[in-house]
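Same order as they appear, the protein sequences are chains R and Y.
Counting in my numbering, the first sequence runs from 31 upward without gaps.
Counting in my numbering, the second sequence runs from 5 upward without gaps.
Using N, Cα and C, we set each Cβ at its ideal position, and we do this for glycine too.
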Amino acid sequence: MSQASENRALLVRLAVGAIAMFGFGFALVPFYEKICEVAGINDIGRRDDAVVNTQVDTTRTVTIEFDTNLHDLAWQFRPLQRSVTVHPGELVQVAFEVVNNRDYAVAGQAIPSYGPRIAGAHVRKLDCFCFSRQTLEARERRVMPVVFVVDADLPGDVNTMTLSYTFFEVAGTQADVAAGRGGAG
Amino acid sequence: MAAVTPDQLHGHHHGPTGLMRWITTTNHKDIGTMYLVFALIMFFAGGVMALTIRAELFQPGLQVVQPEFFNQLTTMHGLVMVFGAIMPAFVGFANWQIPLMIGASDMAFARMNNWSFWLLPPAALLLVGSFLVPGGATAAGWTLYAPLSVQMGMGMDMAIFAVHIMGASSIMGAINIVVTILNMRAPGMTMMKMPLFVWTWLITAYLLIAVMPVLAGAVTMILTDRHFGTAFFNAAGGGDPVLFQHVFWFFGHPEVYIMILPAFGIVSQIIPTFARKPLFGYASMVYATASIAILSFVVWAHHMFTTGMPAATQLFFMYATMLIAVPTGVKVFNWVATMWKGSMTFETPMLFAVGFIFVFTMGGFTGLICAIAPIDIQVQDTYYVVAHFHYVLVAGSLFALFAGTYYWLPKWTGHMPSEKIGKWHFWCSIVFFNLAFFPMHFLGLAGMPRRIPDYGLQFADFNAIATIGAFGFGFSQLLFVLAIVKCARGGERAAARSWEAAEGLEWTVPSPAPHHTFEEAPLVR
């Protein structure tokens with residue numbers, strides 16, 4: 031083989047390698063989601079496993095305060111109760127109200143967060159509006175439930191915790207993406 | 005031959021003249037020169053940004069720039085220095101030196117080489133021009149972290165396209181270098197006879213081919229998140245901003261070795277010349293370089309210790325990172341052993357090379373400290389990290405570039421560089437460099453966060469010292485320009501073997517190197 035054709039053959043091989051690595055960058059996306067799923071990281075929108083120990087610990091009470099936020103979204107969003115005081119192990123149902131102020135349908139996705147952070151692992155959400163995308167018709171008002179159990183393993187020094195939700199707008203074109211990813215949509 | 009001027013040497017080259025010569029050239033030496041000049045211009049552009057940052061940080065409070073513009077400056081300083089100055093400068097060295105060092109007549113794909121270079125000026129215009137658009141340049145940090153980068157104005161889009169173009173340029177350059185090194189060596193030049201600069205560039209080129217496309221993918225994801233409704237990094241759409249950090253640092257950590265391995269190569273050429281001894285442990289140097297390159301793919305998450313990783317993951321990345329100190333230590337010990345009992349002289353290239361070993365090793369050690377996860381959680385995003393990476397990038401990569409420039413200037417221009425200016429340049433650089441960056445260790449340990457235009461009064465003194473050092477360092481670089489210009493225009497005639505004990509094929513061709521060299525491949529024994 032001549033020098034020029036040898037060079038061209040190697041060029042093609044290296045270029046294929048570079049293109050493959052471009053694909054690899056995108057392959058990292060499902061790979062990352064799979065790892066997070068297997069390792070149980072990032073399961074913000076997932077239904078938690080049912081509590082194994084259903085014993086209610088009546089010796090202590092925990093106050094859970096609710097906080098709601100909107101991220102660039104012309105909705106109204108509020109909890110129907112500012113806080114609840116419960117026993118660990120007790121099944122709790124609360125409700126949130128959301129109103130679409132716009133004259134057209136808008137889809138939103140709520141993302142929960144917890145304070146203190148450590149409390150998050152001990153809140154088992156059995157039903158939550160954050161498990162799925164919420165699409166509100168024009169001017170629609172909706173009351174949405176959250177059913178959860180604070181498990182009895184909650185560290186003894188946590189007496190008050192905050193459960194905060196932030197609604198983000200999901201653009202219409204994102205419907206397929208949101209539906210197809212990691213159960214988080 | 006020594007009395008022949010460059011014009012006469014170009015006499016038999018019937019190409020276009022004037023500006024068109026530079027636009028259409030396919031000659032590796034012309035292209036190398038253009039890369040180096042481009043890098044020098046970008047170095048000063050990034051330097052002006054750095055000095056504006058330091059001027060703002062001279063005193064607490066806001067005096068010089070507003071916070072929004074300050075954030076643009078820190079971001080653009082990083083992008084310009086990494087993609088505009090350091091990387092193109094090393095590619096310039098590769099273009100000039102690799103064909104000369106392996107006895108090839110030119111790069112394998114001469115026209116692609118021209119294209120690789122000419123992609124850079126438009127990319128640089130896009131990047132620097134983004135200061136002028138509404139909203140200004142991107143201010144998300146050079147790491148372009150989501151969600152900030154998803155929210156920025158159109159300056160961000162310009163930065164994304166600039167990164168795409170520079171990435172394409174780097175990949176083409178890297179492919180060219182790999183093909184040249186693997187296919188075009190002179191007869192007898194076996195792999196294990198290649199000069200170390202060639203070896204380090206071969207490994208660097210593979211790294212570039214492996215990771216630049218990943219960066220292109222990451223910024224493409226940002227672009228589609230911004231404009232085409234995808235949600236790679238948007239939690240509400242099912243994405244995750246932490247994913248961006250993983251993809252970015254999968255590119256970003258090999259990238260830091262892309263910026264340092266050729267520097268190792270340059271220093272490995274210079275130390276034996278001025279110690280007048282062959283390089284100690286040549287084979288171990290090659291294996292150490294390859295080990296660093298391979299390890300660089302499994303350490304990326306040490307940039308992300310505070311993102312909430314499981315402890316087991318933190319431990320893996322911590323130990324993998326600390327493992328890199330082993331091959332790096334091998335290199336440092338080999339350089340020291342090369343100098344040991346050598347007949348050393350300290351011309352400017354040697355001064356910069358020894359300065360490199362001394363100050364780069366300090367940066368390496370602070371890197372080891374940052375590698376320890378519990379400590380990193382304390383110093384994350386503080387000036388300690390800023391001090392660390394400037395010790396390895398400025399005193400590492402940049403000092404090696406200075407060393408290499410002084411070392412090969414006689415070959416490029418046909419004149420010896422002025423030792424007087426060179427020595428002034430070195431001593432000013434190393435003193436002011438340490439004055440600028442050493443206090444940043446203390447600032448970081450005391451908790452001063454990076455990328456913030458204002459700071460508490462307790463940080464005032466060290467910041468004032470750092471700013472004085474930075475301005476001293478910045479103005480010292482004018483000496484570098486002076487040395488290059490004087491050397492290009494005249495001075496003591498350089499012999500073919502410009503330095504007494506210099507080894508290698510590049511010293512067998514006349515100085516300045518004629519337009520065409522090694523059209524008949526030399527025989528290496």
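Below-8 Å beta-carbon distance, residue i vs any chain Y residue
i	result
TYR144/R	no
GLU36/R	yes
GLY55/R	yes
ALA48/R	yes
MET6/R	Residue 6/R is absent from the structure shown; chain R starts at 31 and stops at 215.
MET174/R	no
ALA214/R	Because ALA214/R sits at a pLDDT of 35, beneath the cut-off of 50, its placement in the model cannot be relied upon, and the following sentence gives the value as read from the coordinates. Answer yes: the Cβ-Cβ gap between ALA214/R and chain Y drops below 8 Å somewhere.
GLN106/R	no
Where the beta strand (DSSP E) containing residue i begins and where it ends
i	result
ASP97/R	92-101
GLN164/R	164-166
LEU121/R	121-130
ASP157/R	153-157
PRO175/R	171-180
VAL340/Y	VAL340/Y -> not in any beta strand (DSSP E); alpha helix (DSSP H) instead, spanning 329-343.
VAL116/R	113-116
GLN33/R	Here GLN33/R belongs to no beta strand (DSSP E); instead the alpha helix (DSSP H) covers 33-69.
Supposed close pair residue i, residue j - CB separation, criterion 8 Å
i	j	result
ILE164/Y	ILE102/Y	The pair is not a contact, with the Cβ atoms about 31 Å apart (cut-off 8 Å).
HIS32/Y	MET116/Y	In fact, because the Cβ distance is near 12 Å, the residues do not count as touching under 8 Å.
PHE126/R	LEU110/R	7 Å
ILE90/Y	LEU397/Y	7 Å
VAL179/R	CYS158/R	In fact, because the Cβ distance is near 12 Å, the residues do not count as touching under 8 Å.
LEU66/Y	PRO457/Y	6 Å
VAL303/Y	THR325/Y	5 Å
THR349/Y	PHE284/Y	Incorrect: roughly 18 Å between the Cβ atoms, too far for contact.
ALA151/R	ASN131/R	Wrong, their Cβ atoms sit about 35 Å apart, outside the cutoff.
MET216/Y	SER401/Y	Rounded, the Cβ-Cβ distance is 17 Å, inconsistent with contact.
ILE361/Y	VAL271/Y	7 Å
ARG154/R	ASP181/R	6 Å
LEU449/Y	TYR388/Y	6 Å
Chain R contact for residue i (CB, 8 Å cutoff)
i	result
ASN187/Y	yes
VAL543/Y	This structure cannot settle anything about residue 543/Y, because the visible part of chain Y is limited to 5 through 529.
ALA297/Y	no
VAL202/Y	no
LEU247/Y	yes
GLY241/Y	yes
PHE436/Y	no
VAL260/Y	no
HIS445/Y	no
ALA214/Y	yes
Buried or exposed (CB count within 10 angstroms, at least 16 for buried), residue i
i	result
PHE430/Y	buried
TYR323/Y	exposed
TYR291/Y	exposed
MET196/Y	exposed
ARG169/R	exposed
ILE425/Y	buried
ASN189/R	exposed
TRP344/Y	exposed
PRO453/Y	exposed
THR311/Y	exposed
VAL46/R	exposed
VAL182/Y	buried
Range covered by the alpha helix (DSSP H) that runs through residue i
i	result
PRO443/Y	423-449
SER173/Y	158-187
PRO142/R	Run containing PRO142/R: none in the alpha helix (DSSP H); it sits in the beta strand (DSSP E), 136-145.
PHE466/Y	464-493
SER16/R	In the structure as shown, chain R starts at 31 and stops at 215, and residue 16/R therefore has no counterpart that could be examined.
PRO217/Y	200-231
TRP412/Y	403-417
GLN533/Y	Coverage of chain Y is limited to positions 5 through 529, which leaves residue 533/Y absent and any answer about it impossible.
For the 8 Å Cβ check, are there 3 or more pairs between the region 352-367 of chain Y and the region 417-430 of chain Y? The region 352-367 of chain Y makes contact with the region 417-430 of chain Y: 3 or more CB pairs, one atom from each, lie closer than 8 Å.
Can you confirm whether the region 89-102 of chain Y touches the region 33-50 of chain Y when touching is taken to mean that 3 or more C-beta pairs between the two stretches lie within less than 8 Å? The region 33-50 of chain Y is in contact with the region 89-102 of chain Y.
Are three or more beta carbon pairs between the region 440-450 of chain Y and the region 472-486 of chain Y nearer than 8 Å? Contact holds: three or more Cβ-Cβ distances are below 8 Å.
Could you tell me whether the region 246-266 of chain Y touches the region 140-149 of chain Y, using the rule of 3 or more Cβ pairs below 8 Å? The region 246-266 of chain Y, when compared against the region 140-149 of chain Y, does touch it at the 8 Å Cβ threshold.
Contact between the region 229-247 of chain Y and the region 355-370 of chain Y (3+ Cβ pairs under 8 Å): Cβ pair count under 8 Å is below three, so no.
Does the region 380-398 of chain Y come into contact with the region 306-320 of chain Y, if we say contact requires no fewer than three beta-carbon pairs (one atom in each stretch) closer than 8 Å? Contact holds: three or more Cβ-Cβ distances are below 8 Å.
Decide if the region 214-225 of chain Y is in contact with the region 166-174 of chain Y; the criterion is three or more beta carbon pairs, one per stretch, under 8 Å apart. Flag = yes, the region 214-225 of chain Y and the region 166-174 of chain Y touch.
Should the region 54-66 of chain R be regarded as contacting the region 204-213 of chain Y, the criterion being three or more beta carbon pairs within less than 8 Å? The region 54-66 of chain R, when compared against the region 204-213 of chain Y, does not touch it at the 8 Å Cβ threshold.
Pairing CB atoms from the region 410-419 of chain Y with CB atoms from the region 494-513 of chain Y, are three or more of them under 8 Å? Yes, the region 410-419 of chain Y touches the region 494-513 of chain Y.
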